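Below is one structure, written out as structure tokens, with a few remarks after it.
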Amino acid sequence: MKKTYLKNGFTLVELLMGMSLTLLISGIIYLMQSTGTSTVNKGATKLLLTSEVRNKMEYIVADLRNAKQILEIQPDYLKVQTYKYSIDKQEPGEDALVVVEYEVERAENRHILWRSENRENPSKLLTFEKIGEEIFKPYYEQFDENSPAGWVYLPYDMVSNDSGQRTRISFIKILLSFKQGKEQANLATSVTLKPAQSRIRQPNWKLRK
74 MKKTYLKNGF TLVELLMGMS LTLLISGIIY LMQSTGTSTV NKGATKLLLT
124 SEVRNKMEYI VADLRNAKQI LEIQPDYLKV QTYKYSIDKQ EPGEDALVVV
174 EYEVERAENR HILWRSENRE NPSKLLTFEK IGEEIFKPYY EQFDENSPAG
224 WVYLPYDMVS NDSGQRTRIS FIKILLSFKQ GKEQANLATS VTLKPAQSRI
274 RQPNWKLRK
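Here is the structure:
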């Protein structure tokens with residue numbers, strides 16, 4: 074039986090094998106490109122989301138840095154009396170005190186973190202499919218003669234809401250966890266409450282994936 078050759082010198086079988094290999098290699102390259110693009114897009118989306126949360130968390134940190142007193146605090150609710158700074162008023166007095174509230178509104182497929190001053194003009198800080206419930210974790214100072222520092226930090230009991238403990242709150246951990254589509258992440262920081270005249274620089278941000 075004679076082999077059938079095409080004009081270019083290849084047999085029909087060789088040509089079919091070459092086409093099959095070409096398709097296979099093309100498929101592998103496409104799959105690699107598609108996976109790489111998906112990974113890049115996923116990373117970029119998470120970066121944008123965490124960047125937005127980081128910027129909005131600065132509002133909470135600033136209000137706590139300048140706080141005069143904590144009026145009420147729950148895992149996802151904060152009411153604080155704080156000094157409001159401005160360019161024209163670098164050293165604000167008691168007339169610059171405002172009451173700021175942070176509260177999470179939870180619907181079935183949408184959670185909103187609101188911020189308001191003196192219960193007026195509430196603004197949306199964040200909107201996601203889900204915002205974690207454990208946002209604020211406050212600690213108060215307690216005298217302890219056995220401690221080398223003379224005092225210790227104890228978790229504030231938000232159930233009993235003891236006013237004596239609340240006035241001694243001087244350290245708050247903040248955790249903003251969120252979910253949007255397939256993306257989810259946590260951003261955490263902590264704030265040491267000091268009078269407005271003796272503010273200190275806060276710790277670096279911590280990103281948890």
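For the sequence shown, this note's numbering assigns the number 74 to the initial residue and increments by one for each residue that follows. Cβ coordinates follow ideal geometry from the N, Cα and C atoms, glycine included. If you're wondering where the values come from, they're calculated on a predicted model, not measured in any experiment.
>> Beta-carbon within less than 8 Å of Arg241's beta-carbon, same chain only, minus the 5 sequence neighbours each way: which residues are those?
In response: Within the same chain, and ignoring the five residues on either side of Arg241 in sequence, the residues whose Cβ sits closer than 8 Å to its Cβ are Tyr213, Glu214 and Gln215.
> To the nearest whole angstrom, what separates the beta carbons of Val126 and Phe251, a pair I think is in contact under 8 Å?
Replying inline: 6 Å
> Can you give the Cα-Cα distance for Glu176 and Thr123, rounded to whole angstroms?
Replying inline: 20 Å
> Should Ser196 be listed as close to the ligand GTP, given that the test is whether its C-beta is under 6 Å from any heavy atom?
Replying inline: No copy of the ligand GTP appears in this structure; indeed no ligand is present at all.
>> Let me make sure I understand the geometry here. Which of Ile102, Met130, Met90 and Leu94 has the alpha-carbon closest to that of Ser263?
In response: Met130
>> Would the stretch 191 to 203 count as touching the stretch 233 to 248 if we require 3 or more Cβ pairs under 8 Å?
In response: no
>> Which of the three DSSP states is assigned to Leu266 in this structure?
In response: coil
>> Does Ala180 come out as helix, strand or coil in the three-state DSSP assignment?
In response: In the structure shown, Ala180 sits in coil (DSSP, three-state: anything other than H, G, I, E or B).
> Quick one: Cα of Leu248 to Cα of Ala222, how far?
Replying inline: 27 Å
> What three-state label does DSSP hand Arg188 in the structure shown?
Replying inline: strand
> In whole angstroms, what is the alpha-carbon distance linking Asp168 and Lys203?
Replying inline: 37 Å
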